[in-house]
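Count the sequence shown with the numbering used here and you get residues 255 to 398, in order.
Built from N, CA and C at the ideal position, the CB exists for glycine as well.
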Amino acid sequence: MGATTAILGNDRRMLMIEYLQKMEGNAELRELVEYIAEREGDTDRKHRKSVYVSLVQTHIPKLEREGVVTFDRGVVKLLRIPDNVTVYMETVNRHDISWSTFYMGTSVIFIVAGWYLGNLHLLLASVVYLLISIVHHRKIKRLF
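Next comes the structure, spelled out in C-alpha cells:
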C-alpha cells in the first residue's frame, strides 16, 4: 500500500494530516484526538477514547510505516505528504462529490442540451468529455 492510499483510505487519517498541516507539522496526540472527535461531531469521553485508541493502534503506525509521520512522547510530527494527496485534500472535502463525478454530471447536462438543440458538435464533444470523466472516475475509485 502506498502513502497516498494509506492517507486517503481513511477519514481519520485525512483529518490527522489536515490538522498537522494547520499546526505546521507538529501536534500533541491529545490535540489531534480533540480535533478529530470534534470534526466527527462527537466530543464525549467515549468517542474521544475511541479516536485515541484508533490513532495509537492503527492510524499513526500505518503512517509511520509509510514515512509520512513520526510519533514520539505524545507528539506526532509530519514528515512528508505525497503531492497527489495534497491536491486531493485541497479540492475534495469530506462528504463532497469528487471532481470526476461533477464533470460526469456536467457532461450529461451538455449532452441533453446538444440533443435538444440539435447541435451535433456539442453532442459529440459532450460524449467524449463524459467518457473521459468516466475513465478518470474509475481510476480514482480503483486507487482509493
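Inter-residue distance for Val323 and Ala379 is about 44 Å (C-alpha atoms, whole angstroms). Around the beta-carbon of Arg319, fewer than 16 other beta-carbon atoms lie within 10 Å, marking it exposed. Secondary-structure assignment with DSSP links Glu272 through no beta bridge to anything. Distances from the CA of Gln311 to each of Arg299, Phe325, Asp298 were compared; the closest alpha carbon is that of Phe325.
For Tyr289, the number of other beta carbons within 10 angstroms of its own is at least 16, and it is reported as buried. Beta bridge pairing from DSSP links Lys331 with Asn280, Thr324.
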